[in-house]
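S.K.:
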């Protein structure tokens, strides 16, 4: 099975202190460290596991610039056979629809049985997967947390729905699935793995290579524009619960219920 | 010619000479065949450089093999073993001459006549007696008293108790047969009025001779020949059976001890003979298949005597984790026996994780070194654990709980993912800089000869930062011009390496070595034993490093530091030896000397202290890993402190502090037990040499506790 996984490089929320820039329209990007978007990493791991069961190859693709090669290499170190960078001066500023248009153009140039995306990106809007499927006219399922390959170009998938319940679906290939975290346990990629794939060439395609329409991409085409950015102020002080362990437990349960953490 | 000749006798119509010649050839032939088969996996194993420094290695043989140095650590079993071992050494020549007797009456040991020979005869009579008695004691111990450390919980595998008793019984039979042969010969000589061979008074042969004196000559003759036959049969059976079980160490221990690691504090390289620069060319890291172990590590598996001392001391095992060092070895030996059979073709290549080992088992080790400290045969464990982890890291087989800190170490240089520029913030809290200036050293500021290497936990953990400030204050009080690396310091990588991520460790180390050299310092001080161990043993080409306890002890000796009388607060202190200060670096006395230099301080010693200290749960990445366990090691340790009559645990390691304070809470002992770092305690007691302008500051951090 030929699987394409669309991935993205994002500021790592666990390793950064997110602060506003002085113009208050974006976060301060000095000193940020980036990594693979967590959902995408699960998607790549899932693709690798499918391929190890039924055979085939995994390709990872990202829209970005040369700095984004880093995440492609990380996923190649995990086991993806190919990495592809879609990069062009026309691309920056694209909204979700623009990114989906670029990916659609790329997918139409190749043949993939299955396309995976993460459910969302740390700094994204969870829209590319669905739009990509619509533009390709492929079936789409979101929040997928298990995949089983059936005979006759079909998959049995499980979707996570509200309250932790699961919904089981059958879906025809080719299709697009957006992958939820927790679907698997992504393997570790060490520095050694990345060094081993460091010299593998990563093909780069621009707008003209892909034949993407410039009216669909870039800042000018974006129909969703970011106006501002708001960072939650850090709260002050924590409430210390007093009393015997039993009293404290009762109070914690009470608080969790009151705040909606327990039903 | 002596008529008492097995060679000249006839057994079931077969001349003894022929029978015993066949027995010798078969016995020795089988033995060498089995040994050759046992060597097959060793020849396919990874390389290991163990052929250097023969003098030092012979020294080890003298101390640990002949001298049985580690045995008395378990007093009773140890003494029994020393007696058996000595008996075996004495009896080796006897066994040889006895075997020769089967084919020739000529004494092959001419120098054993005369006084020397008599002396030897007496010695071996007693040796046989002592070994025989020791076998009885050992059997009674195994069967009746059943020491807990020989037990084999079902999760680990089969107990070899029956095998052990069987082997002990065979040795007892061997001794008995030898003595019967001697005794019947002496009894028959006495009856015939010949010169009787002298038998040592009250020895087993002497007693048997006394019993046999009234027996008729033909019966004695038959008894003697029978005893000789049984002796030979038992000897060869033992020789060929030992390589299948726990007594193989009789043959292998000499080699295990000779080839033992000479510098146990230095971790095994990824592959012997491959430099850091060549590592990229190594196909696979670590151990995933049995054949990835080095030949010495395989020899270790063969040599294990299953005495259970390692697991008896192992804190992971005590806490009910899935790791037992004893079974780490026993399971590998079982694998070797099964996959490299004596008869049949080897079938190798199965991955070890998932078959004989579980992931959790291998991550459960805190590398505290208690097992290696104990093993009488110097079997290595930490290198094997680290190699197995290297294999798992290379396969990407790492629990999510460890992936996050490893990733953060790669991108931010600390396991918490905190900003590099905030690494020196601990020294800025509460105007600390005003009372104790801490300068950041680097290529542009070479203003101090002493570097305080802080490391990640002390830099970023709110509670542990107090240890950093106490350390800085002590250095300041010592009028030591010192500085830190600040944002250009990265994690020492100590536990990154021990968790098997060698390439990340090398990156961290190379960065730090560069930063340290650029700072132009002449010496390094740290309050973190893990950093201390890394800088001392894992790094090269940097100035000498000291732990703060050594610095304080030195200052007290030279009167550069004076400590106030301890407050009368009812505190009874006990010192907990951090693994990487104590066992791995032998710093046991300095911290105790420092405590004892505080006048009026009451200190008690825990039962498990110094090189038998009980790890509190492990440091570095171990703080992120959650193994399956029945109880926390820290809780066990805190209870040990309470048992010793202490109500305050002094430690000298930031990770110990985290584990101890957690454990005090988990054990519900808040208010009855406290934990304090040695640096903090000293900081509280320093005699102020100048007006006490910041008299409140030494106590400020206890508000944070």
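Chains as they are written, first to last, in the numbering used here: chain A, 1 to 263; chain B, 1 to 705. We treat Cβ as the ideally placed atom computed from N, Cα and C, and that holds for glycine.
What is the DSSP secondary structure of residue 142 (chain A), reduced to helix, strand or coil?
M.R.: If you number the first chain from 1, residue 142 (chain A) lands on position 142. DSSP places residue 142 (chain A) in strand when its eight states are reduced to three.
S.K.: Assign residue 322 (chain B) to one of three DSSP states: helix, strand, or coil.
M.R.: Taking the second chain and counting its residues from 1, one reaches residue 322 (chain B) at position 322. Of the three classes helix, strand and coil, the one that applies to residue 322 (chain B) here is coil, per DSSP.
S.K.: Cβ of residue 439 (chain B) less than 7 Å from any chain A Cβ?
M.R.: Reading the second chain from its first residue, position 439 is the one you call residue 439 (chain B). It does not; no Cβ of chain A falls within 7 Å.
S.K.: Can you tell me whether DSSP reads residue 482 (chain B) as helix, strand or coil?
M.R.: Here residue 482 (chain B) refers to the residue found at position 482 of the second chain. DSSP places residue 482 (chain B) in strand when its eight states are reduced to three.
S.K.: If I'm right that residue 265 (chain A) touches residue 105 (chain A) with Cβ under 8 Å, what's the distance once you round it to whole angstroms?
M.R.: Nothing about residue 265 (chain A) can be reported from this structure: the residues present for chain A run from 1 to 263 only.
S.K.: Should residue 699 (chain B) be flagged as near chain A, meaning a C-beta pair shorter than 7 Å?
M.R.: Residue mapping note: residue 699 (chain B) aligns to position 699 of the second chain, counting from 1. Residue confidence for residue 699 (chain B) is low, a pLDDT of 39 falling below 50, so the modelled location carries little weight and cannot support an answer.
S.K.: Within the 7 Å Cβ cut-off, does residue 630 (chain B) reach chain A?
M.R.: The residue given as residue 630 (chain B) occupies position 630 in the second chain. Chain A contact via Cβ: absent.
S.K.: May I ask which residues mark the beginning and end of the beta strand (DSSP E) holding residue 66 (chain A)?
M.R.: Position 66 of the first chain holds residue 66 (chain A). Looking at the DSSP string, residue 66 (chain A) is not in any beta strand (DSSP E), and its letter there is neither H nor E.
S.K.: Roughly how many angstroms separate the alpha carbons of residue 233 (chain B) and residue 23 (chain B), rounded to a whole number?
M.R.: Position 233 of the second chain holds residue 233 (chain B). Position 23 of the second chain holds residue 23 (chain B). Spanning the two alpha carbons is a distance of roughly 8 Å.
S.K.: Contact criterion: CB-CB distance below 7 Å. Does residue 488 (chain B) meet it with respect to chain A?
M.R.: Position 488 of the second chain, counting from 1, holds the residue named residue 488 (chain B). By this cut-off, residue 488 (chain B) is not an interface position.
S.K.: Is the segment 568 to 587 of chain B touching the segment 459 to 469 of chain B in the sense that three or more CB pairs, one from each, lie closer than 8 Å?
M.R.: Touching, no, given that fewer than three Cβ pairs across the two stretches are closer than 8 Å.
S.K.: Would you give the residue range spanned by the alpha helix (DSSP H) that residue 210 (chain B) belongs to?
M.R.: Numbered from 1 along the second chain, position 210 holds the residue referred to as residue 210 (chain B). Residue 210 (chain B) -> alpha helix (DSSP H) spans 204 to 212.
S.K.: Out of curiosity, what's the CA-to-CA distance linking residue 493 (chain B) and residue 287 (chain B)?
M.R.: Taking the second chain and counting its residues from 1, one reaches residue 493 (chain B) at position 493. Taking the second chain and counting its residues from 1, one reaches residue 287 (chain B) at position 287. The alpha-carbon atoms of residue 493 (chain B) and residue 287 (chain B) are separated by roughly 21 Å.
S.K.: With a CB to CB cut of under 8 Å and the five nearest residues on each side skipped, what residues in its chain are close to residue 648 (chain B)?
M.R.: Counted from its first residue, the second chain places residue 648 (chain B) at position 648. Hits under 8 Å: 571, 572, 573, 574, 673, 674, 675, 676.
S.K.: Of all the CB atoms in chain B, is at least one closer than 7 Å to the CB of residue 212 (chain A)?
M.R.: Locating residue 212 (chain A) in the first chain gives position 212, counting from the first residue. False, the Cβ-Cβ gap to chain B never drops below 7 Å.
S.K.: Just how far apart, CA to CA, sit residue 216 (chain B) and residue 14 (chain B)?
M.R.: Position 216 of the second chain, counted from the first residue, corresponds to residue 216 (chain B). Position 14 of the second chain, counted from the first residue, corresponds to residue 14 (chain B). Each residue's alpha carbon lies about 24 Å from the other.
S.K.: How about residue 285 (chain B) and residue 390 (chain B): do their beta carbons lie closer than 7 Å?
M.R.: Within the second chain, numbered from 1, the residue matching residue 285 (chain B) stands at position 285. Within the second chain, numbered from 1, the residue matching residue 390 (chain B) stands at position 390. For residue 285 (chain B) and residue 390 (chain B), yes; Cβs fall inside 7 Å.
S.K.: Which residues of the segment 392 to 406 of chain B have a Cβ closer than 9 Å to any Cβ of chain A? Give them in chain order.
M.R.: Residues passing the 9 Å Cβ filter: 392, 393, 394, 395, 396, 397, 398, 399, 400, 402, 403, 404, 406.
S.K.: Out of A:135, A:71, A:237, point me to the one whose CA is closest to residue 308 (chain A)'s CA.
M.R.: Summary: the structure shown does not reach residue 308 (chain A), with chain A confined to residues 1 through 263, and so no result is reported for it.
S.K.: Measuring alpha carbon to alpha carbon, tell me which of A:39, A:145, A:85 ends up nearest residue 165 (chain A).
M.R.: Your numbering for residue 165 (chain A) matches position 165 in the first chain. For residue 165 (chain A), the nearest C-alpha among the options comes from A:145.
S.K.: Out of curiosity, what's the CA-to-CA distance linking residue 697 (chain B) and residue 641 (chain B)?
M.R.: As a position in the second chain, residue 697 (chain B) is number 697, starting the count at 1. As a position in the second chain, residue 641 (chain B) is number 641, starting the count at 1. Model confidence at residue 697 (chain B) stands at a pLDDT of 40, short of 50, so the residue's coordinates are unreliable; what they give is reported in the following sentence. Rounded to whole angstroms, residue 697 (chain B) to residue 641 (chain B) spans 29 Å at the Cα level.
S.K.: Beta-carbon separation of residue 253 (chain B) and residue 208 (chain B) under 7 Å?
M.R.: In the second chain, counting from the first residue as 1, residue 253 (chain B) sits at position 253. In the second chain, counting from the first residue as 1, residue 208 (chain B) sits at position 208. No, these two residues do not count as a Cβ contact at 7 Å.
S.K.: Just reading off the beta strand (DSSP E) that residue 117 (chain A) is part of, what are its end residues?
M.R.: As a first step, residue 117 (chain A) is located in the first chain; it is residue number 117 there, counting from the start. From DSSP, the beta strand (DSSP E) with residue 117 (chain A) extends over 114 to 118.
S.K.: Against chain B, with Cβ distances strictly below 7 Å, would residue 191 (chain A) count as a contact?
M.R.: Reading the first chain from its first residue, position 191 is the one you call residue 191 (chain A). It does: the Cβ of residue 191 (chain A) has a partner Cβ on chain B nearer than 7 Å.
S.K.: Does the distance from the C-beta atom of residue 652 (chain B) to that of residue 544 (chain B) stay below 7 Å?
M.R.: By one-based count along the second chain, residue 652 (chain B) stands at place 652. By one-based count along the second chain, residue 544 (chain B) stands at place 544. No, the Cβ-Cβ distance between residue 652 (chain B) and residue 544 (chain B) is not below 7 Å.
S.K.: For residue 175 (chain A), which residues does DSSP report across the bridge?
M.R.: Walking along the first chain from the start, residue 175 (chain A) turns up at place 175. Paired residue(s): A:114.
S.K.: Quick check on residue 250 (chain B): buried or exposed, where buried means 16 or more other Cβ atoms within 10 Å of its Cβ?
M.R.: Sequence index remark: in the second chain, residue 250 (chain B) carries index 250 (1-based). Buried is the call here.
S.K.: Which residues in chain A sit within 9 Å of residue 501 (chain B), going by Cβ to Cβ distance?
M.R.: Working through the second chain from its first residue, we reach residue 501 (chain B) at position 501. Per Cβ cutoff of 9 Å: 188, 190, 191, 192.
S.K.: Pull out every residue of the segment 420 to 438 of chain B whose Cβ sits closer than 9 Å to any Cβ of chain A, in chain order.
M.R.: Flagged, chain order: 420, 421, 422.
S.K.: In chain A, which residues lie with their C-beta within 9 Å of the C-beta of residue 411 (chain B)?
M.R.: The count along the second chain starts at 1 and reaches residue 411 (chain B) at position 411. Those within 9 Å of residue 411 (chain B) in chain A are 12, 15, 33, 34, 35.
S.K.: Suppose only complete runs of 4+ residues qualify. What are the alpha helix (DSSP H) ranges in the segment 38 to 108 of chain B, listed by chain order?
M.R.: For the segment 38 to 108 of chain B, whole alpha helix (DSSP H) runs of length 4 or above, ordered along the chain, are 54 to 60, 75 to 100.
S.K.: Of all the CB atoms in chain B, is at least one closer than 7 Å to the CB of residue 29 (chain A)?
M.R.: On the first chain, position 29 is the one that residue 29 (chain A) refers to. No - not a single Cβ of chain B is within 7 Å of the one on residue 29 (chain A).
S.K.: Count the other CB atoms within 10 Å of the CB of residue 247 (chain A); is the residue buried (16 or more) or exposed (fewer)?
M.R.: Residue numbering aside, residue 247 (chain A) sits at position 247 when the first chain is read from its first letter. With fewer than 16 other Cβ atoms within 10 Å, it is exposed.
S.K.: Since residue 561 (chain B) and residue 686 (chain B) are thought to touch, with beta carbons under 8 Å apart, how far apart are those beta carbons, to the nearest angstrom?
M.R.: Counted from its first residue, the second chain places residue 561 (chain B) at position 561. Counted from its first residue, the second chain places residue 686 (chain B) at position 686. Yes, residue 561 (chain B) and residue 686 (chain B) are in contact; Cβ-Cβ is about 7 Å, under 8 Å.
S.K.: State yes or no: is the beta carbon of residue 408 (chain B) nearer than 7 Å to at least one beta carbon in chain A?
M.R.: For this step, residue 408 (chain B) is matched to residue 408 along the second chain. Yes, residue 408 (chain B) lies at the interface with chain A (some Cβ there is under 7 Å from its Cβ).
S.K.: When you check each C-beta in the segment 593 to 625 of chain B against every C-beta of chain A, which residues fall closer than 8 Å?
M.R.: Answer in chain order: no residues at all.
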